[in-house]
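Enquirer: Residue numbers (the working numbering), protein chains in the order written: chain A, 1 to 182; chain B, 1 to 148. Structure in structure tokens, see below.
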């Protein structure tokens, strides 16, 4: 058992024994640059892990066929296209349905329409947001820098798509936890 | 003939004496065990150096090794271990512990990144000499702004 697990086990035991656990701070309304960067990194891990797994299986299978070089080049271009489509679809579908990618879910943040009253994003707006995210990422992620100065911590792609990233409501967290506990 | 007759006559009283003697001995033993004397004696034996030496000797000897070897060789032991490992209580406990550990780690990461958010923002504002706003750092979102 690692030391972290030991510490955790001790904390759980202390909690069961009635000792008060360390209080958690309330999250601010809008998540900042580090939180959003971690969420994006987690999404990148998910996207690339799936892409590598699928691509690896396909590459192994095609390696048995001894395809000519021209066909391999076409297959690589098709693969890149599929990877792009998968990335776009991943963000667009999650943003326009739950408002959260898996990375956002871990960091407990979600994307919302910046207009009042706040509504979930439509698919078109989600696609615009993704396009702006890519544009903002090209100059060394400079599109994320406005988060540091904006009053609502909006990045370039948030301004383009008129969206805002917020922390999950605490009530929703409580409901989710209660449902998970059964 | 006479000898057989004597034996036949003498046997029942002898066995009766034996039974009575046994019963008396057992009664005595019960009384002894019920008394404080037995407690004191047992405690002295357990705490005595002789007992310690005996136990140490037993562990040094081949008996423990043999018992351990036979236990490890027995199929029943491994069946028992397998049963315990596959029991719903154990698997539930492992799953629950793993999930709550992951949740704890995620909580810690979230807290650390919130600190980093504030630090980065302060640094950027200091660098650009901008006043820090009060808006984003309000503790909780308004009710309507959460996910639908």
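Positions of the beta carbon are idealized from the N, C-alpha and C atoms, including for glycine. A quick note: this is a predicted structure, and the numbers were derived from the prediction, not measured.
Name the two residues that bound the continuous beta strand (DSSP E) containing residue 112 (chain A).
Expert: On the first chain, position 112 is the one that residue 112 (chain A) refers to. Start and end: 109 to 113.
Enquirer: With 7 Å as the threshold, decide whether the Cβ of residue 132 (chain B) is near any Cβ in chain A.
Expert: Against the second chain, residue 132 (chain B) aligns to sequence position 132. Judged by the 7 Å Cβ criterion, residue 132 (chain B) is not in contact with chain A.
Enquirer: Would you decide whether residue 110 (chain A) is buried or exposed? Buried here means 16 or more other CB atoms lie within 10 Å of its CB.
Expert: For the purposes of this step, residue 110 (chain A) is identified with residue 110 of the first chain, where counting begins at 1. That one is buried.
Enquirer: Helix, strand or coil: which one does DSSP assign to residue 165 (chain A)?
Expert: Indexing the first chain from 1 puts residue 165 (chain A) at position 165. Of the three classes helix, strand and coil, the one that applies to residue 165 (chain A) here is strand, per DSSP.
Enquirer: Compare the C-beta of residue 17 (chain A) with all C-beta atoms of chain B and state if any pair is closer than 7 Å.
Expert: Locating residue 17 (chain A) in the first chain gives position 17, where the first residue counts as 1. Note that residue 17 (chain A) scores a pLDDT of 47, beneath 50, so its modelled location is shaky; the value from the coordinates is reported in the next line. No, no contact with chain B.
Enquirer: Tell me which residues of the segment 27 to 40 of chain A have at least one Cβ-Cβ distance to chain B shorter than 7 Å, keeping chain order.
Expert: Of all residues in the segment 27 to 40 of chain A, 27, 28, 29, 30, 31, 32, 33, 34, 35, 38 have a Cβ within less than 7 Å of some Cβ in chain B.
Enquirer: Within 7 Å (strictly less), CB to CB, does residue 148 (chain A) reach chain B?
Expert: In the first chain, counting from the first residue as 1, residue 148 (chain A) sits at position 148. Yes - at least one Cβ of chain B is within 7 Å of the one on residue 148 (chain A).
Enquirer: Anyone know if the C-beta pair for residue 43 (chain A) and residue 101 (chain A) falls short of 7 Å?
Expert: Taking the first chain and counting its residues from 1, one reaches residue 43 (chain A) at position 43. Taking the first chain and counting its residues from 1, one reaches residue 101 (chain A) at position 101. Cβ atoms of residue 43 (chain A) and residue 101 (chain A): closer than 7 Å.
Enquirer: Given a threshold of 16 other Cβ atoms within 10 Å of its Cβ, counted over all protein chains shown, does residue 107 (chain A) qualify as buried or as exposed?
Expert: Taking the first residue of the first chain as position 1, residue 107 (chain A) is located at position 107. Classification for residue 107 (chain A): buried.
Enquirer: Going straight from the alpha carbon of residue 83 (chain A) to that of residue 76 (chain A), what length do you get?
Expert: Along the first chain, one-based indexing puts residue 83 (chain A) at 83. Along the first chain, one-based indexing puts residue 76 (chain A) at 76. Each residue's alpha carbon lies about 10 Å from the other.
Enquirer: For a cutoff of 7 Å on Cβ pairs, would you count residue 141 (chain B) as touching chain A?
Expert: Numbered from its first residue, the second chain carries residue 141 (chain B) at position 141. Residue confidence is low: residue 141 (chain B) scores 43 on pLDDT, short of 50, so the model does not pin down where it sits. No coordinate-derived value is stated.
Enquirer: If you measure beta-carbon to beta-carbon, which residues of the segment 88 to 114 of chain A are closer than 8 Å to chain B?
Expert: 98, 99, 100, 106, 107, 108, 110, 112
Enquirer: Could you check the C-alpha separation between residue 102 (chain B) and residue 93 (chain B) for me, to the nearest Å?
Expert: Position 102 of the second chain holds residue 102 (chain B). Position 93 of the second chain holds residue 93 (chain B). Cα to Cα, the separation comes out at about 14 Å.
Enquirer: Beta carbons nearer than 9 Å to chain A: which residues of the segment 113 to 127 of chain B have them?
Expert: Within the segment 113 to 127 of chain B, contact with chain A at the beta-carbon level (separation under 9 Å) is assigned to 113, 114, 115, 116, 117, 118, 119, 120, 121, 123, 124, 125.
Enquirer: Using a C-beta to C-beta distance shorter than 8 Å, which residues of chain A count as neighbours of residue 81 (chain B)?
Expert: Sequence index remark: in the second chain, residue 81 (chain B) carries index 81 (1-based). Within chain A, no residue comes near residue 81 (chain B); the closest Cβ sits about 19 Å away, beyond 8 Å.
Enquirer: In chain order, what residues of the same chain lie with their CB nearer than 8 Å to the CB of residue 143 (chain A), ignoring the 5 residues before and after it?
Expert: Residue mapping note: residue 143 (chain A) aligns to position 143 of the first chain, counting from 1. Shown here for residue 143 (chain A): same chain residues with a beta carbon closer than 8 Å to its own, the five before and five after excluded, namely 132, 133, 135, 136, 137, 155, 156, 157 in chain order.
Enquirer: CB of residue 99 (chain A) to nearest heavy atom of the ligand MG: below 6 Å?
Expert: No copy of the ligand MG appears in this structure; indeed no ligand is present at all.
Enquirer: Expressed to the nearest angstrom, what Euclidean distance is found between the alpha-carbon atoms of residue 128 (chain A) and residue 54 (chain A)?
Expert: If you number the first chain from 1, residue 128 (chain A) lands on position 128. If you number the first chain from 1, residue 54 (chain A) lands on position 54. Distance between residue 128 (chain A) and residue 54 (chain A), taken at the CA atoms: about 27 Å.
Enquirer: With DSSP collapsed to three states, give me the class of residue 101 (chain A).
Expert: In the first chain, the residue the question calls residue 101 (chain A) occupies position 101. Residue 101 (chain A): coil per DSSP, three-state reduction.
Enquirer: Between the alpha carbons of residue 95 (chain B) and residue 84 (chain B), how many angstroms are there, rounded?
Expert: Counting from 1 along the second chain, the entry for residue 95 (chain B) is found at position 95. Counting from 1 along the second chain, the entry for residue 84 (chain B) is found at position 84. Approximately 15 Å, taken between the alpha carbons.
Enquirer: Looking at C-beta atoms only, is the number of pairs between the segment 45 to 61 of chain A and the segment 161 to 169 of chain A that lie closer than 8 Å three or more?
Expert: no
Enquirer: Is the separation between the beta-carbon of residue 130 (chain A) and that of residue 94 (chain A) shorter than 7 Å?
Expert: One-based indexing of the first chain puts residue 130 (chain A) at position 130. One-based indexing of the first chain puts residue 94 (chain A) at position 94. Cβ distance not < 7 Å, so residue 130 (chain A) and residue 94 (chain A) don't count as in contact.
Enquirer: Exposed or buried, which one is residue 38 (chain A) when buried takes at least 16 other CB atoms within 10 Å?
Expert: Within the first chain, residue 38 (chain A) is the residue found at index 38, counting from 1. Residue 38 (chain A) is buried by the Cβ-count criterion.
Enquirer: If you count every other CB in all the chains shown that lies within 10 Å of the CB of residue 32 (chain A), and 16 or more means buried, which is it?
Expert: For the purposes of this step, residue 32 (chain A) is taken as residue 32 along the first chain, with counting starting at 1. Classification for residue 32 (chain A): buried.
Enquirer: Kindly list the residues whose CB is nearer than 6 Å to the CB of residue 35 (chain A), restricted to its own chain and excluding five residues on each side of it in sequence; keep chain order.
Expert: What you label residue 35 (chain A) is simply residue 35 of the first chain in a count that begins at 1. Excluding sequence neighbours, residue 35 (chain A) sits near 107.
Enquirer: Report the rounded CA-to-CA distance for residue 63 (chain A) versus residue 87 (chain A), giving the unit in angstroms.
Expert: On the first chain, residue 63 (chain A) is found 63 positions in, with the first residue counted as 1. On the first chain, residue 87 (chain A) is found 87 positions in, with the first residue counted as 1. Computed Cα separation, rounded: 25 Å.
Enquirer: Since residue 121 (chain A) contacts residue 96 (chain A) with CB under 8 Å, what's their CB separation in whole angstroms?
Expert: Locating residue 121 (chain A) in the first chain gives position 121, where the first residue counts as 1. Locating residue 96 (chain A) in the first chain gives position 96, where the first residue counts as 1. That pair is a contact at about 5 Å.
Enquirer: Hey, which unbroken runs of the alpha helix (DSSP H) at 4 residues or more fall wholly within the segment 50 to 88 of chain A?
Expert: For the segment 50 to 88 of chain A, not a single whole alpha helix (DSSP H) run of length 4 or above is found.
Enquirer: Does DSSP classify residue 48 (chain B) as helix, strand or coil?
Expert: What you label residue 48 (chain B) is simply residue 48 of the second chain in a count that begins at 1. Residue state, collapsed to three classes: coil.
Enquirer: Using the three-state DSSP reduction, which class does residue 131 (chain A) fall into: helix, strand or coil?
Expert: Along the first chain, read from residue 1 onward, the residue named residue 131 (chain A) stands at position 131. Three-state DSSP puts residue 131 (chain A) in a helix.
Enquirer: If you reduce the DSSP assignment to three classes, tell me which class residue 25 (chain B) lands in.
Expert: In the second chain, the residue the question calls residue 25 (chain B) occupies position 25. Helix at residue 25 (chain B).
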